[in-house]
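> Before I ask anything, let me first share the structure, which is written out below as structure tokens.
2 protein chains.
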Amino acid sequence: MDNLRFLMYEVHDTTSLATNPQYAEYTRETSDMMLDAAKQLADSMLFPYFEEVDRYGSKYKDGTIQVHPIINKFMKAAGEGGWIGAAAPTELGGMQMPSSLFNAVNFLMGAANNSMIGYTGLTGGAAKLIYSFGTKEQQEKYIPKMFSGDWQGTMALTEPQAGSSLSDLTTSAKLMDDGSYRIKGQKIFISSGDYSGVENVVHLMLARIEGAPAGSKGISLFIVPKHRVSDDGSLTPNDVTTAGAFSKMGQCGYATSHLIMGEKDDCHGWLVGTENRGLRHMFQMMNGARISVGLTGASIASAAYYASLQYANERPQGRRITNRDLNKPQSLIIEHADVRRMLMLQKAIMEGSLSLLMECTMLHDRLQISDNEEEKEDLDLLLELLTPIAKTYPSEDGARAVSNGLQIFGGYGFCKDFPLEQLYRDIRICPLYEGTTGIQSMDLLGRKVTASNGKALMLLAAQIQKEVQEAMNYDELKPYAKRLMQEGQNLQEVTQHLVGMAMQGDTEGFLADANLYMELFSTNIMAWQWLKQANAAKRALLTENPQGDRLKMLEGKILSLKFYYKYELPKTLAWSATLKDNAEQLTIAKEEEVLC
Amino acid sequence: MDNLRFLMYEVHDTTSLATNPQYAEYTRETSDMMLDAAKQLADSMLFPYFEEVDRYGSKYKDGTIQVHPIINKFMKAAGEGGWIGAAAPTELGGMQMPSSLFNAVNFLMGAANNSMIGYTGLTGGAAKLIYSFGTKEQQEKYIPKMFSGDWQGTMALTEPQAGSSLSDLTTSAKLMDDGSYRIKGQKIFISSGDYSGVENVVHLMLARIEGAPAGSKGISLFIVPKHRVSDDGSLTPNDVTTAGAFSKMGQCGYATSHLIMGEKDDCHGWLVGTENRGLRHMFQMMNGARISVGLTGASIASAAYYASLQYANERPQGRRITNRDLNKPQSLIIEHADVRRMLMLQKAIMEGSLSLLMECTMLHDRLQISDNEEEKEDLDLLLELLTPIAKTYPSEDGARAVSNGLQIFGGYGFCKDFPLEQLYRDIRICPLYEGTTGIQSMDLLGRKVTASNGKALMLLAAQIQKEVQEAMNYDELKPYAKRLMQEGQNLQEVTQHLVGMAMQGDTEGFLADANLYMELFSTNIMAWQWLKQANAAKRALLTENPQGDRLKMLEGKILSLKFYYKYELPKTLAWSATLKDNAEQLTIAKEEEVLC
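Which chain is which? The protein sequence lines are A and B, in order. According to the working numbering, the first sequence is numbered sequentially starting from 239. According to the working numbering, the second sequence is numbered sequentially starting from 239.
Structure representation (structure tokens):
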């Protein structure tokens with residue numbers, strides 16, 4: 239909690255939003271209250287079921303997916319607490335909460351139980367699509383029941399033949415005389431797509447209207463409920479069949495369904511927004527969903543870090559090298575350098591990730607309240623640039639962090655007696671869903687870096703420069719500020735090298751190692767976020783006279799900065815070397831296949 | 239199979255051992271026969287149960303651990319086929335098989351089912367301790383039943399308070415008038431320590447004889463059977479209680495027990511070898527066990543590689559960048575550069591690991607047959623140096639390889655419909671058991687590198703030099719040979735830097751980043767193994783006129799060499815930078831704890 243508040247109030251100044259009428263309510267006091275309330279809910283309804291919900295699983299039975307009954311209770315409680323629609327405008331029954339605060343809340347809840355908050359998170363996201371693009375009638379029909387936790391919302395994109403390649407989706411929609419559509423097709427991997435005890439499920443579904451153009455330009459967005467809603471509120475089955483549940487390695491309590499629509503030609507759907515613009519509309523939700531996945535990664539990594547820190551502080555094993563006396567009791571493992579390295583690595587990844595996610599949500603919030611078109615464009619460009627990184631780094635390096643946490647437990651880490659094995663299974667989904675790491679990396683290099691002639695990169699450089707300038711004032715941080723500047727120049731060089739390939743027409747070579755470019759880029763971003771955190775810590779250390787836990791926390795921030803720059807940042811040397819070496823493009827398919 | 243044979247016969251010349259009487263039987267023909275027989279057993283009894291054994295699990299019930307009945311059948315079949323005692327001398331009922339061949343056999347079987355071969359592997363290893371250090375009577379009493387697969391063998395080291403720190407074990411042994419001992423204590427994490435359907439379990443157990451010195455110098459080795467064996471062969475319960483089974487993330491079909499000895503003061507044990515030399519005796523088995531863990535890692539990574547290669551060759555998704563025509567069918571994912579990179583990475587890690595493991599087993603075999611003391615010492619030093627790497631690299635990077643394999647499956651990789659999620663869970667034990675990566679790394683830097691004044695490093699350098707010299711003859715390989723020489727110099731520099739710290743008395747600083755040194759060192763070792771494989775491929779390409787699959791395989795080796803040097807080797811830049819930077823030792827515990 240201390241770390242979360244430090245990041246919010248001291249690093250990212252989230253309460254500055256309260257100067258705007260839209261977020262006026264969210265002063266520091268209100269924000270603190272919200273965090274406390276969220277923590278209470280997490281402590282009482284989420285964390286105690288972390289294991290149980292996993293062991294119960296989500297099995298297909300009698301045409302639906304059986305999940306632990308706490309899911310229904312939590313949905314109701316979250317609805318009552320206002321958490322599902324918290325970010326929505328007050329006139330729609332929301333709390334108009336800034337996303338920076340809302341995501342802090344979700345981080346807390348996710349650390350307690352990353353499977354369960356999927357249900358509420360998706361419902362809120364699906365409702366947002368309806369209130370952003372739906373008709374007033376649609377809003378009135380669906381949103382209140384979604385916000386109350388009675389109805390579940392989903393995003394239904396993936397099909398068996400169309401995963402990463404959404405352009406290839408084939409679910410069809412046929413216009414009827416009453417203005418509704420008849421939907422026919424299959425969707426897979428639909429999170430919370432159906433489960434025991436839920437009254438209705440509102441799918442925000444992509445489908446292709448008959449006669450629409452091929453590819454992404456012929457995709458439209460529909461509301462396809464599990465049960466149709468009559469004007470009197472009664473429910474009629476809508477020919478959406480749950481054909482099965484995916485049995486997964488992790489997030490086992492999170493129902494993932496296989497849906498078949500229109501087996502009886504009676505699946506009704508209603509267009510949301512504009513015909514053939516469905517993918518664009520959906521992207522509004524997907525960008526939010528990407529941030530959410532990053533947040534899930536960070537929250538799982540956070541649960542792993544604190545669990546392993548506690549274990550390291552309690553478990554005696556072996557003796558510190560400087561004291562090998564066998565007649566003395568064993569040392570706590572936190573005294574071993576290698577264990578400390580693994581703890582520091584986790585902390586650097588997790589807190590750095592959270593800081594980046596907060597950077598993104600603040601950009602989002604400022605975008606909502608800005609009335610200056612130029613500023614809006616800048617905020618949007620920067621947010622778009624950072625989004626694939628905010629999805630990928632906490633997912634990929636979060637998984638690495640959790641693995642290091644597991645290692646600290648030794649053999650126990652592999653056993654179900656401790657939470658680490660579950661966290662290790664759970665987080666592995668993050669690099670996969672809402673666009674794999676490969677897709678995010680191509681998005682970063684192929685779209686975001688080159689957008690508006692590279693303007694986003696310049697805006698980023700300015701942000702970094704700001705932190706460098708402040709850090710130059712503190713002797714202890716100066717060397718790190720200089721390092722970050724050098725790293726920025728190196729990133730620029732690598733970028734120019736790659737863009738040069740694209741300009742010479744070698745688009746395949748340009749994007750072939752996008753994944754490594756993502757690693758290089760995100761490591762730079764983390765280095766920036768760590769300098770930003772260290773600056774905030776320095777400010778506090780120089781103006782307060784901190785003691786106790788507060789002092790530890792602030793000094794810990796400076797230590798993590800140093801750790802990141804010593805242990806992680808040098809990896810840019812390796813990625814740069816590989817990315818600049820294009821003497822031979824080894825990964826590009828040739829006519830003669832030799833991979834065997 | 240082609241790759242395995244290439245590594246055995248062409249890279250490591252395993253049949254050269256047949257010139258020695260001890261291994262005279264193992265010509266290429268016999269070796270091929272053995273591989274074929276092993277593959278047949280793997281195809282019929284192991285691979286078909288890969289999933290089933292995992293889902294069945296290993297649950298504690300009625301005082302024992304329930305496992306899938308195929309385990310008992312496999313033990314018998316392996317016994318009949320002679321696989322359990324294959325490496326033992328013929329006079330003991332073994333086949334006197336060189337370990338290089340035996341490990342190739344185990345690699346095949348492990349790729350088919352890594353949990354099941356644990357049972358046979360441990361039985362063979364435990365028997366080896368008995369025939370290396372036990373009395374003739376002990377040998378006659380236990381070994382035949384173990385080799386036949388009727389009785390299970392284990393190694394019982396770990397205790398709740400003594401995991402990595404074996405010096406702290408407290409299980410006690412009290413000498414009785416009849417020369418046997420009474421054992422009292424607890425052991426945890428005992429693989430195959432008890433399970434349904436097994437007639438007897440022979441624990442090779444470490445315990446402390448009453449009055450023995452503290453620490454590792456007071457530990458002795460005992461045979462502690464589940465049932466005592468009378469002279470007429472009848473069995474009596476030996477007061478070894480199975481108190482529970484560990485519920486694990488992976489290798490779920492491999493029973494892991496918690497044992498309590500001597501609750502009724504009636505647990506008999508018999509000393510094996512010399513009093514207080516138990517840890518030394520056990521290390522003979524542990525070195526073999528470390529190679530086995532490396533082999534498990536490599537075999538799991540191999541199963542993952544071939545599964546993901548097959549999927550990539552069958553799954554259409556998206557379109558190759560050079561052909562975005564939406565009216566054409568989707569491309570196979572193997573055509574995408576990022577998928578190819580993940581496949582090549584897996585292949586480079588897996589085949590490189592297997593090559594290193596074969597290097598080690600050949601050193602072991604040559605050590606067995608050498609009659610030259612100086613040569614023996616050299617072989618031993620080199621084997622000791624490489625063993626922690628052969629355990630760690632295939633475990634750590636094997637897990638990374640499997641994760642890349644899983645990623646190729648997209649969302650399906652996270653689901654139980656495909657084997658990747660299980661392989662991902664299974665391999666995670668490898669960096670933990672038989673000494674964690676942290677322990678192996680300290681062993682490498684703290685003991686092996688500095689042993690005999692660094693002689694092992696010189697012997698290694700000579701081996702590397704040999705490959706470099708050959709590679710300098712092939713224009714295509716020359717640049718890689720030069721790179722490897724430079725890397726060797728760099729490794730030397732880093733080593734001197736670290737050893738310098740130790741010489742100045744900073745032993746804690748010297749070992750603090752042993753883990754990173756392991757990464758640096760093992761990457762050099764892999765680069766050497768890849769040059770060695772490429773040399774062998776070049777020899778074949780230049781002397782044969784290879785076609786079809788043979789040509790693909792040989793060209794694939796050169797491609798993997800290039801891939802490793804472009805994508806993996808540059809990482810040495812990062813580790814070297816970190817290891818040389820000791821301006822501040824961040825991971826060494828200070829009085830004031832700031833990790834929070």
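Don't be surprised by glycine CBs; every beta carbon is placed ideally from N, CA and C.
Is DSSP giving phenylalanine 288/B helix, strand or coil here?
Looking up residue 288/B in the second sequence gives position 50. In the structure shown, phenylalanine 288/B sits in a helix (DSSP, three-state: H, G or I).
> Which full runs of the beta strand (DSSP E) of 3+ residues lie inside the region 299-345 of chain A, going along the chain?
Here the runs fully enclosed are 302-304.
> Counting only C-beta atoms, is arginine 579/A closer than 8 Å to chain B at any point?
Locating residue 579/A in the first sequence gives position 341, where the first residue counts as 1. Closer than 8 Å to some Cβ of chain B, the Cβ of arginine 579/A qualifies, so yes.
> For glutamate 290/B, which residues from the same chain have a beta carbon less than 7 Å from its beta carbon, with the 5 sequence-adjacent residues on both sides left out?
The sequence position of residue 290/B within the second sequence is 52, counting from 1. Counting only Cβ-Cβ distances below 7 Å, and skipping sequence neighbours, we find His306.
> State the DSSP-derived secondary structure class of glycine 532/B, mapped to helix, strand or coil.
In the second sequence, the residue the question calls residue 532/B occupies position 294. Of the three classes helix, strand and coil, the one that applies to glycine 532/B here is helix, per DSSP.
> Rounded to whole angstroms, what is the Cα-Cα separation between leucine 695/A and alanine 765/A?
Position 457 of the first sequence, counted from the first residue, corresponds to residue 695/A. Position 527 of the first sequence, counted from the first residue, corresponds to residue 765/A. Approximately 16 Å, taken between the alpha carbons.
> Could I get the ranges of all uninterrupted alpha helix (DSSP H) runs contained in the region 597-683 of chain A, with 4 residues as the minimum, in chain order?
DSSP runs (the alpha helix (DSSP H)) wholly in the region 597-683 of chain A: 611-646, 658-665, 675-680.
> Should glutamate 782/B be labelled buried (16 or more other beta-carbon atoms within 10 Å of its own) or exposed?
Mapped onto the second sequence, residue 782/B falls at position 544. The residue is exposed, with fewer than 16 neighbouring Cβ atoms inside 10 Å.
> Could you spell out where the alpha helix (DSSP H) holding histidine 735/B opens and where it closes?
What you label residue 735/B is simply residue 497 of the second sequence in a count that begins at 1. Start and end: 716-741.
> Which ranges does the beta strand (DSSP E) cover as unbroken runs of at least 3 residues, wholly within the region 239-296 of chain A, from first to last along the chain?
For the region 239-296 of chain A, not a single whole beta strand (DSSP E) run of length 3 or above is found.
> Pairs of beta-carbons, one from the region 276-296 of chain B and one from the region 486-501 of chain B, closer than 8 Å: are there three or more?
The region 276-296 of chain B is in contact with the region 486-501 of chain B.
> Return the CA-CA distance between asparagine 525/A and serine 593/A, expressed in angstroms with no decimal places.
Position 287 of the first sequence, counting from 1, holds the residue named residue 525/A. Position 355 of the first sequence, counting from 1, holds the residue named residue 593/A. Cα-Cα distance, rounded: 18 Å.
> Which same chain residues end up closer than 6 Å to leucine 624/A when comparing Cβ atoms and leaving out the 5 residues on each side of it in sequence?
For the purposes of this step, residue 624/A is taken as residue 386 along the first sequence, with counting starting at 1. Result list for leucine 624/A: Cys598, in chain order.
> Provide the residue span of the beta strand (DSSP E) that contains alanine 481/A, from first to last.
For this step, residue 481/A is matched to residue 243 along the first sequence. Counting along the chain, the beta strand (DSSP E) containing alanine 481/A begins and ends at 478-483.
> Roughly how many whole angstroms lie between the Cα atoms of threonine 810/A and tryptophan 768/A?
As a first step, residue 810/A must be located in the first sequence, where it is residue number 572. As a first step, residue 768/A must be located in the first sequence, where it is residue number 530. One C-alpha to the other measures close to 16 Å.
> Per DSSP, isoleucine 447/A is paired with what?
Walking along the first sequence from the start, residue 447/A turns up at place 209. DSSP lists Ala411/A as partners of isoleucine 447/A.
> Between Tyr298/A, Arg515/A, Glu659/A, Pro475/A, which has its C-alpha nearest lysine 486/B's C-alpha?
Working through the second sequence from its first residue, we reach residue 486/B at position 248. For the residues Tyr298/A, Arg515/A, Glu659/A, Pro475/A, the minimum Cα distance to lysine 486/B belongs to Glu659/A.
> Are aspartate 603/B and leucine 255/B close, meaning C-beta to C-beta below 8 Å?
By 1-based counting over the second sequence, the position of residue 603/B is 365. By 1-based counting over the second sequence, the position of residue 255/B is 17. A contact, by the Cβ cut-off of 8 Å.
> Give me, in chain order, the residues of the same chain whose beta-carbon lies closer than 6 Å to that of aspartate 504/B; leave out the 5 immediate sequence neighbours on both sides.
For the purposes of this step, residue 504/B is taken as the residue at position 266 of the second sequence. Excluding residues within five positions, the ones whose Cβ falls inside 6 Å are Asp477.
> Could you check how far apart the C-beta atoms of leucine 848/B and leucine 792/B are, in whole angstroms? I think they sit under 8 Å.
Outside the modelled stretch of chain B, which goes from 239 to 834, sits residue 848/B, for which no answer is possible.
> Quick check on the burial criterion: 16 or more other C-beta atoms within 10 angstroms. Buried or exposed for glutamine 742/B?
Within the second sequence, residue 742/B is the residue found at index 504, counting from 1. With fewer than 16 Cβ atoms within 10 Å of its Cβ, glutamine 742/B is classed as exposed.
> Residues of chain B with a CB under 7 Å from the CB of glutamine 304/A: which are they?
The count along the first sequence starts at 1 and reaches residue 304/A at position 66. Residues of chain B passing the Cβ test: none, with the nearest at roughly 17 Å.
> Does chain B have any CB closer than 8 Å to the CB of lysine 299/A?
The count along the first sequence starts at 1 and reaches residue 299/A at position 61. Not an interface residue.
> Within the same chain, show all residues whose beta-carbon is closer than 7 Å to that of asparagine 753/A, passing over the 5 residues directly before and after it, in chain order.
Indexing the first sequence from 1 puts residue 753/A at position 515. Here the set comprises Thr675, Gly676, Ser679.
> Give the DSSP-derived three-state secondary structure of leucine 497/B in the structure shown.
Reading the second sequence from its first residue, position 259 is the one you call residue 497/B. Strand at leucine 497/B.
> Sort Ala575/A, Met384/A, Ser386/A by Cα distance to phenylalanine 801/A and report the nearest one.
Position 563 of the first sequence, counting from 1, holds the residue named residue 801/A. Of the candidates Ala575/A, Met384/A, Ser386/A, the one whose C-alpha sits nearest the C-alpha of phenylalanine 801/A is Ala575/A.
> In terms of residue numbering, what span does the alpha helix (DSSP H) encompassing glycine 363/A cover?
Residue numbering aside, residue 363/A sits at position 125 when the first sequence is read from its first letter. Its alpha helix (DSSP H) spans residues 354-371.
> Starting from leucine 509/A, trace the beta strand (DSSP E) in both directions and tell me its first and last residue.
Reading the first sequence from its first residue, position 271 is the one you call residue 509/A. 506-510 is the extent of the beta strand (DSSP E) around leucine 509/A.
> Rounded to the nearest angstrom, what separates glutamate 757/B and threonine 630/B at their Cα positions?
Position 519 of the second sequence, counted from the first residue, corresponds to residue 757/B. Position 392 of the second sequence, counted from the first residue, corresponds to residue 630/B. Using only the alpha carbons, I get a separation of about 9 Å.
> Please list, in chain order, the residues of the region 559-587 of chain B that have any C-beta partner in chain A closer than 8 Å.
From the region 559-587 of chain B, only Ile559, Thr560, Leu564, Asn565, Gln568, Ile572, Glu573, His574, Ala575, Asp576, Val577, Arg578, Arg579, Leu581, Met582, Lys585 have a Cβ closer than 8 Å to chain A.
> Hey, serine 759/A and isoleucine 627/A are a contact pair by Cβ (cut 8 Å); roughly how many whole angstroms apart?
As a working mapping, residue 759/A is identified with position 521 in the first sequence. As a working mapping, residue 627/A is identified with position 389 in the first sequence. Sequence inspection shows phenylalanine at residue 759/A; the serine mentioned does not correspond to that position. That belief holds up - the Cβ atoms of phenylalanine 759/A and isoleucine 627/A are roughly 6 Å apart, short of 8 Å.
> Three or more C-beta pairs closer than 8 Å, one from the region 365-385 of chain A and one from the region 506-514 of chain A: is that the case here?
A contact exists between the region 365-385 of chain A and the region 506-514 of chain A.
> Could one say the Cβ of serine 546/B lies closer than 8 Å to chain A's Cβ atoms, at least one of them?
For the purposes of this step, residue 546/B is taken as the residue at position 308 of the second sequence. Judged by the 8 Å Cβ criterion, serine 546/B is not in contact with chain A.
> With a Cβ-Cβ cutoff of 8 Å, do phenylalanine 345/B and leucine 564/B count as a contact?
In the second sequence, counting from the first residue as 1, residue 345/B sits at position 107. In the second sequence, counting from the first residue as 1, residue 564/B sits at position 326. Taking 8 Å as the Cβ cut-off, phenylalanine 345/B and leucine 564/B do not qualify as a contacting pair.
> For the region 269-280 of chain A against the region 241-259 of chain A, are there 3 or more C-beta pairs whose distance is under 8 Å?
Contact holds: three or more Cβ-Cβ distances are below 8 Å.
> Given this structure, state the Cα-to-Cα distance separating glycine 359/A from isoleucine 322/A, to the nearest angstrom.
One-based indexing of the first sequence puts residue 359/A at position 121. One-based indexing of the first sequence puts residue 322/A at position 84. If I take the Cα positions, the gap works out to 7 Å.
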